[in-house]
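Accompanying notes for the structure given below.
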Amino acid sequence: TAIMFLTDDELATLRHDLETQAGLDAELYQRCQLLMHKGAYDEAVRSAFVLLEERLRAAIDVEGATGVQLANQAFGANSQLAKLLAHNTNERDGLRELFAGAFRLFRNPTAHGAVNYDAADGKAIIALVNLLLRIVARASDVPAKVTFPENLETALIAAESELGAGATSRLRVFLAKAVRGGLQVDGKAQQWIAFRAYALRQEQEWPEPRRVKMALFYFYNVPTEYAIEFSVGGQYQSAVAFELVRLKERLQQIGFRPRGKNQDLRADLHLHNDAAFFAALWQVVEDTQQEFQDILAQ
């Protein structure tokens, strides 16, 4: 393919198309713009798909896989990535076919009959890669395969059949954030799975406060009953200098309700499972953990 440099006007038009019309990923633009400027459209397409492979491998924490093999691995039936991004089996199959088809058609232009792309072809294919990158980016919080202990993974699989794939995907994202944020999962519990953080606590029998782990929240799971619960009437009572009243107010504002003799606060995940709920809940969890850390640092 002969290399033909674009004029300044053509380059400005191309840059505008790539940056604004497609909302191009910054790294994708960086890798492709010079090649497009030179008229090396086939190479620009290849470079775009190399970036997509890099992002996919990072998302599922594997090395070496490429192209269709990578797409099948990333979006297989039991893939965490597929579970996060798709709400049902048909959508998961669609994602796998979309990514695999794109790799099959465009990954290596020189291996196919459809080569010698022009500027319009190059921009269109790169825009497709940009869309695929955006899809992968939505899964940036997906837990790696080894993130969740077996008891939690088993509970989430059971929850999916009752809460639905979409709600369970959002729950997975929230719990993954908690793990990545430093909370430790109780890997042995069945119904009450604690997510613990260090806090300064004072029990009556202790001569002085201690830095100990406590359950920041629980994932409660039994058939027909799935919930997030904060032990505000139990362990939180012994947290030194913690603003418990404020925590209760924030939790009740997003749907938590008191239950049991201790009046612990619980959110029924059948009722509260949309993106707004989990976003607000994550902010509460993050702020609570930070408050624990600030108190310990004093």
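Numbering (the numbering used here), first residue to last: 47 to 344. All residues carry an ideal CB built from backbone N, CA and C; glycine is no exception.
#1: Could you check the C-alpha separation between residue 233 and residue 77 for me, to the nearest Å?
#2: Roughly how many angstroms separate the alpha carbons of residue 163 and residue 80, rounded to a whole number?
#3: So for residue 328, helix, strand or coil by DSSP?
#4: Going by Cα to Cα distance, which pick from 70, 244, 261 and 246 is closest to residue 178?
#5: Under 8 Å by Cβ, that's how I've got residue 113 and residue 153 pegged, so tell me the actual separation to the nearest angstrom.
#6: Name the residue from 323, 90, 120 and 110 whose alpha carbon lies nearest to the alpha carbon of residue 166.
#7: The alpha helix (DSSP H) spanning residue 234 covers which residue range?
#8: Checking the sheet assignment: what are the DSSP bridge partners for residue 314?
#9: Counting only runs of 3+ residues fully inside the region 122 to 189, write out the beta strand (DSSP E) ranges in chain order.
#10: Does the Cβ of residue 124 have 16 or more other Cβ atoms within 10 Å, making it buried, or fewer, making it exposed?
#11: Taking all protein chains shown into account, do 16 or more other C-beta atoms lie within 10 angstroms of the C-beta of residue 136, making it buried, or fewer, making it exposed?
#12: What are the boundary residues of the alpha helix (DSSP H) that residue 106 is part of?
#13: Going by C-alpha to C-alpha distance, which of 119, 259, 251 and 214 sits closest to residue 230?
#14: When DSSP labels each residue in this structure, what does residue 343 get in the three-state scheme?
#15: Do residue 314 and residue 277 come within 8 Å of each other at the CB atom, strictly closer than that value?
#16: From residue 206 to residue 254, what distance separates their C-alpha atoms?
#17: Report the rounded CA-to-CA distance for residue 221 versus residue 269, giving the unit in angstroms.
#18: For residue 81, which three-state DSSP category applies?
#19: Between residue 102 and residue 120, is the Cβ-Cβ spacing less than 8 Å?
#20: For the alpha helix (DSSP H) containing residue 291, name the first residue and the last one.
#21: Pull up the distance between the alpha-carbon of residue 302 and that of residue 223, whole angstroms please.
#22: With distances taken Cα to Cα, identify the nearest neighbour of residue 308 among 246, 275, 171 and 144.
#23: Using CA coordinates, which residue listed in 342, 272 and 215 is at the minimum distance from residue 285?
#24: Below 8 Å on the Cβ atoms is my guess for residue 211 versus residue 134; work out the distance and round it to an integer in Å.
#25: Anyone know if the C-beta pair for residue 241 and residue 263 falls short of 8 Å?
#26: Does the beta-carbon distance from residue 218 to residue 130 come in below 8 Å?
#27: Roughly how many angstroms lie between the CA atoms of residue 322 and residue 328, to the nearest whole one?
#28: Thinking just about the alpha-carbon of each residue, which of 172, 195 and 216 is nearest to the one in residue 184?
#29: Skipping 5 residues on each side, what residues in its chain have a beta carbon closer than 7 Å to that of residue 257?
#30: Kindly give me the distance between the Cβ atoms of residue 117 and residue 145, rounded to whole angstroms, as I take these residues to be in contact under 8 Å.
So, from the listed chains and residues:
#1: Locating residue 233 in the sequence shown gives position 187, counting from the first residue. Locating residue 77 in the sequence shown gives position 31, counting from the first residue. Looking at the two C-alpha atoms, the distance is approximately 43 Å.
#2: Against the sequence shown, residue 163 aligns to sequence position 117. Against the sequence shown, residue 80 aligns to sequence position 34. Answer to the nearest angstrom: the Cα atoms are 16 Å apart.
#3: As a working note, residue 328 is residue 282 in the sequence shown. Correct three-state label for residue 328: helix.
#4: Sequence index remark: in the sequence shown, residue 178 carries index 132 (1-based). Of the listed residues, the one whose Cα sits closest to residue 178 is 70.
#5: As a first step, residue 113 must be located in the sequence shown, where it is residue number 67. As a first step, residue 153 must be located in the sequence shown, where it is residue number 107. So it is a contact: roughly 5 Å between Cβ atoms.
#6: Translated into the one-based positions of the sequence shown, residue 166 becomes position 120. Ranking the options by Cα distance to residue 166, first place goes to 90.
#7: To locate residue 234, count along the sequence shown from 1; it is residue 188. Taken as a continuous stretch (DSSP letters only), residue 234 belongs to no alpha helix (DSSP H), as it is neither H nor E.
#8: Position 268 of the sequence shown, counted from the first residue, corresponds to residue 314. Bridge partners of residue 314: 273.
#9: none
#10: Translated into the one-based positions of the sequence shown, residue 124 becomes position 78. Residue 124 should be labelled exposed.
#11: Start at 1 with the first residue of the sequence shown, and residue 136 comes out as number 90. When all chains shown are included, residue 136 counts as exposed.
#12: Position 60 of the sequence shown, counting from 1, holds the residue named residue 106. Looking at the DSSP string, the run of the alpha helix (DSSP H) that includes residue 106 is 87 to 106.
#13: Taking the first residue of the sequence shown as 1, we reach residue 230 at position 184. Comparing Cα-Cα distances from residue 230 to each of 119, 259, 251 and 214, the minimum goes to 259.
#14: Sequence index remark: in the sequence shown, residue 343 carries index 297 (1-based). Three-state DSSP puts residue 343 in a helix.
#15: Position 231 of the sequence shown holds residue 277. Position 268 of the sequence shown holds residue 314. Result no, Cβ atoms of residue 277 and residue 314 do not sit closer than 8 Å.
#16: Taking the sequence shown and counting its residues from 1, the one referred to as residue 206 is at position 160. Taking the sequence shown and counting its residues from 1, the one referred to as residue 254 is at position 208. Taking the straight line joining both Cα atoms gives about 44 Å.
#17: Locating residue 221 in the sequence shown gives position 175, counting from the first residue. Locating residue 269 in the sequence shown gives position 223, counting from the first residue. If you take the alpha carbons of residue 221 and residue 269, they lie about 19 Å apart.
#18: Counting from 1 along the sequence shown, the entry for residue 81 is found at position 35. The answer is helix: DSSP assigns residue 81 an H, G or I state.
#19: Numbered from its first residue, the sequence shown carries residue 102 at position 56. Numbered from its first residue, the sequence shown carries residue 120 at position 74. For residue 102 and residue 120, yes; Cβs fall inside 8 Å.
#20: On the sequence shown, residue 291 is found 245 positions in, with the first residue counted as 1. Residue 291 -> alpha helix (DSSP H) spans 290 to 299.
#21: Taking the first residue of the sequence shown as 1, we reach residue 302 at position 256. Taking the first residue of the sequence shown as 1, we reach residue 223 at position 177. Answer to the nearest angstrom: the Cα atoms are 20 Å apart.
#22: Within the sequence shown, numbered from 1, the residue matching residue 308 stands at position 262. Checking every option, the nearest Cα to that of residue 308 belongs to 275.
#23: Locating residue 285 in the sequence shown gives position 239, where the first residue counts as 1. For the residues 342, 272 and 215, the minimum Cα distance to residue 285 belongs to 342.
#24: Numbered from its first residue, the sequence shown carries residue 211 at position 165. Numbered from its first residue, the sequence shown carries residue 134 at position 88. Indeed they touch by this definition, with Cβ atoms about 5 Å apart.
#25: The sequence position of residue 241 within the sequence shown is 195, counting from 1. The sequence position of residue 263 within the sequence shown is 217, counting from 1. Taking 8 Å as the Cβ cut-off, residue 241 and residue 263 qualify as a contacting pair.
#26: Counting from one through the sequence shown, the residue named residue 218 turns up at place 172. Counting from one through the sequence shown, the residue named residue 130 turns up at place 84. Yes, the pair counts as a contact, with Cβ atoms nearer than the cut-off.
#27: The residue you call residue 322 lines up with position 276 of the sequence shown. The residue you call residue 328 lines up with position 282 of the sequence shown. Approximately 10 Å, taken between the alpha carbons.
#28: The residue you call residue 184 lines up with position 138 of the sequence shown. Residue 216 is the option with its Cα nearest to residue 184.
#29: Within the sequence shown, residue 257 is the residue found at index 211, counting from 1. Excluding sequence neighbours, residue 257 sits near 244, 246 and 342.
#30: Here residue 117 is taken as the residue at index 71 of the sequence shown, counted from 1. Here residue 145 is taken as the residue at index 99 of the sequence shown, counted from 1. Indeed, because the Cβ distance is near 4 Å, the residues count as touching under 8 Å.
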